[in-house]
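Quick note: the sequence shown, position 111, residue 182 per my numbering, numbers continuous. Here a beta-carbon is modelled for each residue, glycine too, at the ideal position from N, C-alpha and C.
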Amino acid sequence: MFFTWGYFVEVLIAGLLQGVLYSLVALGFVLIFKASGVFNFAQGSMVLFAALTLVGFIEMGLHWTLAFVVTAGVMVLLAMVIEKVVLRPLVNQPHIILFMATIGIFYFLDGFGQTLWGSDVKLLDIGIPKDPRFILEGIFEGGILVNSFDLVAALVGAALVAVLALFFQYTRVGRALRAVADDHQAALSVGIPLKTIWVIVWSVAGIVALVAGIMWGSKAGVQFSLALIAFKALPVLILGGFTSIPGAIVGGLIIGAGEQVAEVFVGPLVGGAIQDWFAYMLALVFLLFRPQGLFGERIIERI
Numbered sequence: 072m073f074f075t076w077g078y079f080v081e082v083l084i085a086g087l088l089q090g091v092l093y094s095l096v097a098l099g100f101v102l103i104f105k106a107s108g109v110f111n112f113a114q115g116s117m118v119l120f121a122a123l124t125l126v127g128f129i130e131m132g133l134h135w136t137l138a139f140v141v142t143a144g145v146m147v148l149l150a151m152v153i154e155k156v157v158l159r160p161l162v163n164q165p166h167i168i169l170f171m172a173t174i175g176i177f178y179f180l181d182g183f184g185q186t187l188w189g190s191d192v193k194l195l196d197i198g199i200p201k202d203p204r205f206i207l208e209g210i211f212e213g214g215i216l217v218n219s220f221d222l223v224a225a226l227v228g229a230a231l232v233a234v235l236a237l238f239f240q241y242t243r244v245g246r247a248l249r250a251v252a253d254d255h256q257a258a259l260s261v262g263i264p265l266k267t268i269w270v271i272v273w274s275v276a277g278i279v280a281l282v283a284g285i286m287w288g289s290k291a292g293v294q295f296s297l298a299l300i301a302f303k304a305l306p307v308l309i310l311g312g313f314t315s316i317p318g319a320i321v322g323g324l325i326i327g328a329g330e331q332v333a334e335v336f337v338g339p340l341v342g343g344a345i346q347d348w349f350a351y352m353l354a355l356v357f358l359l360f361r362p363q364g365l366f367g368e369r370i371i372e373r374i
């Protein structure tokens with residue numbers, strides 16, 4: 072393969088922009104984990120359910136902006152139901168019990184979404200431009216080709232990270248969420264309303280899932296394989312740290328750029344398909360040498 076720095080940068084930027092889409096899904100996992108200490112296996116199905124619901128309301132004749140607001144309300148209602156029916160009875164239960172509960176939520180949302188909206192692949196078009204454009208023409212001859220849609224997704228991801236980081240750091244609710252994650256019983260003893268906190272965090276995670284569903288659905292169509300995007304978000308979390316919002320973004324960028332560069336430049340030498348396993352091999356390396364991730368907190372327990 073003929074190598075040029077311009078082509079390398081083009082592949083690298085494409086990978087970074089793809090990584091932003093991974094990060095959007097990973098953000099929802101981080102929110103739930105920060106509030107409960109549990110990996111929310113259902114986040115992928117929440118992305119799918121939110122996207123299906125949005126498309127369903129658009130097909131009913133609502134403008135996409137109004138459909139977004141209504142769908143956000145549906146995700147808040149879903150959070151309230153999950154808190155009352157699933158989470159409230161499991162307060163102070165081991166984390167493995169809560170994790171198994173999220174697996175049940177995953178399959179419920181997957182089946183309920185299919186029953187409610189059908190199983191066909193649905194087109195989601197909200198006017199985001201998808202035309203290619205050239206950038207950095209003054210640096211590289213001919214410029215660097217990028218997709219306008221990926222640039223919009225990058226801006227959306229950056230805005231979400233900024234809002235969520237400020238929310239957790241500077242608001243009373245954000246600090247309460249972190250307290251609940253550390254110790255449910257202690258949080259209750261100092262007057263933190265656990266029920267309200269869980270509704271809030273699942274609502275925010277649902278809205279983040281809606282944004283991720285819009286981005287992924289607009290890019291590849293709303294289909295039931297979208298729920299499996301959770302499996303690609305897992306390596307992102309391992310790299311960035313399960314409790315770090317900036318880590319979710321950095322992890323996504325590393326995974327996206329790494330698998331894209333490896334696929335284009337190393338793939339032809341080994342038969343291709345590196346994108347299918349690169350993220351998981353990199354995650355395995357991190358688990359061996361830095362299990363807390365780049366930004367995660369290293370937990371030291373006294374024995």
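- It is roughly 15 Å from the alpha-carbon of Val157 to the alpha-carbon of Ala106.
- Contact between Ala122 and Gly284 holds: their C-beta atoms lie close to 3 Å from each other, under 8 Å.
- Per the coordinates, the alpha-carbon of Ala247 lies some 23 Å from the alpha-carbon of Phe112.
- Straight across, the Cα-Cα distance linking Leu358 with Tyr351 is about 10 Å.
- Ile168 counts as exposed, since fewer than 16 other beta carbons sit within 10 angstroms of its beta carbon.
- Taking a 10 Å sphere around the C-beta of Val140, we find fewer than 16 other C-beta atoms and assign the residue as exposed.
- Sixteen is the threshold: when 16 or more other Cβ atoms of the shown chains lie within 10 Å of the Cβ of Ile176, as they do, the residue is buried.
- Bridge partners of Pro203 according to DSSP: Asn218.
- Taking C-beta separations shorter than 6 Å and ignoring five residues to either side along the sequence, the partners of Ala225 in its chain run Leu88, Val91, following chain order.
- Under the DSSP assignment, Ile316 falls in the alpha helix (DSSP H) whose first and last residues are 316-332.
- Here the segment 96-106 makes contact with the segment 262-280; the two share three or more CB pairs at distances below 8 Å.
- The bridge partners DSSP lists for Val293 are Lys193.
- Here DSSP, grouped into helix, strand and coil, assigns Phe177 to helix.
- Gly77 sits close to Ile215, with the two beta carbons spaced by under 8 Å.
- Contact annotation: Phe120 and Gly184 have beta-carbon atoms nearer than 8 Å.
- The Cβ atoms of Val118 and Ile300 lie closer than 8 Å to each other.
- Straight across, the Cα-Cα distance linking Gly198 with Leu231 is about 20 Å.
- Counting every other CB atom within 10 Å of its CB across the protein chains shown gives Ile320 a total of 16 or more, marking it as buried.
- Judged by DSSP secondary structure, Gln114 falls within the alpha helix (DSSP H) whose first and last residues are 114-130.
- Counting only the Cα atoms, Tyr93 lies some 8 Å from Ile326.
- Across the set Ala233, Ala257, Ala250, the C-alpha of Ala233 shows the shortest separation from the C-alpha of Gly318.
- With respect to Ala328, Phe349 sits apart: the two C-beta atoms are not nearer than 8 Å.
- For Asp202, the CB contacts under 6 Å within the same chain, skipping 5 residues up- and downstream, are Ser219 in chain order.
- Cβ-Cβ separation between Gly364 and Phe313: approximately 7 Å, consistent with a contact (criterion under 8 Å).
- Your pair Ile309 and Ala280 does not check out as a contact, with CB atoms roughly 20 Å apart and the cut at 8 Å.
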